[in-house]
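In this note's numbering, the protein residues as written are 2 to 235.
Don't be surprised by glycine CBs; every beta carbon is placed ideally from N, CA and C.
Step one of this worksheet: look at the structure below.
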């Protein structure tokens, strides 16, 4: 009824869920969606009047901690965007690795309409789309359609049947090496802040670790034997 608006309890519940996903080696993917079919997430609950009031004795905040925690996850996070994705909801979407959206979904950063700015959200949105498009979203506060979001590269696909679209995406990687995906996401989430030389030094050391996994040995053996690999995830 509040279009899945966020408050401190939601941030904590989502953080607890991310810890479970992070610490359970059996988890292959996590899918995030909104209740109902109108909204994925409308952002902060403005009706409380407390949305932008914080305990300034604390150096970190709930939504920022949630975004930090998402960077520790080494399994794919998929956003199933089933409606309006606005403000802080854009942050929830952006912290995911892949996004499938319904045709009626809209995306926007309307914070300037209430006198604030999408501050923490920019930390996870930055780099996903071009600077010009991101600036326009921020300073106009106007939403874009799912098709426009697709054209900008903000999302992966638009699906008339949202569940089928999500499942089709999952089917494309759940048959791949769990170890390679886990180590690969770990790598990808770390090289973004590195210089070219730092990134090259890190990745040339990482490829040797990929090759040492049981999955790497099995995958190459299966290739030579012309059969499907049997992944252990190790």
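By how many angstroms is the C-alpha of residue j removed from the C-alpha of residue i?
{"i": "residue 38", "j": "residue 159", "result": "15 Å"}
{"i": "residue 126", "j": "residue 70", "result": "16 Å"}
{"i": "residue 110", "j": "residue 211", "result": "39 Å"}
{"i": "residue 40", "j": "residue 223", "result": "44 Å"}
{"i": "residue 91", "j": "residue 130", "result": "13 Å"}
{"i": "residue 189", "j": "residue 114", "result": "35 Å"}
{"i": "residue 232", "j": "residue 214", "result": "11 Å"}
{"i": "residue 16", "j": "residue 227", "result": "43 Å"}
{"i": "residue 203", "j": "residue 186", "result": "14 Å"}
Using 8 Å for Cβ pairs, my map puts residue i next to residue j. What's the rounded Cβ distance?
{"i": "residue 89", "j": "residue 44", "result": "4 Å"}
{"i": "residue 93", "j": "residue 28", "result": "So it is not a contact: roughly 18 Å between Cβ atoms."}
Take residue i as the anchor and find which of the options has the nearest alpha-carbon.
{"i": "residue 170", "options": "216, 79, 178 and 87", "result": "79"}
{"i": "residue 229", "options": "150, 204 and 177", "result": "177"}
{"i": "residue 66", "options": "173, 36 and 14", "result": "14"}
{"i": "residue 208", "options": "194, 182, 225 and 227", "result": "182"}
{"i": "residue 23", "options": "216, 184 and 227", "result": "184"}
{"i": "residue 86", "options": "156, 76, 136 and 62", "result": "156"}
{"i": "residue 21", "options": "128, 3 and 74", "result": "74"}
{"i": "residue 234", "options": "226, 95, 3 and 217", "result": "217"}
{"i": "residue 6", "options": "202, 42 and 36", "result": "42"}
Secondary structure, alpha helix (DSSP H): runs of 4+ residues fully inside the stretch 24-112: 63-71 and 89-95
For the stretch 112-129 and the stretch 163-174, state whether three or more C-beta atom pairs, one from each stretch, are separated by less than 8 Å. no
Taking three-plus beta-carbon pairs below 8 Å as touching, is the stretch 143-151 in contact with the stretch 101-110? yes
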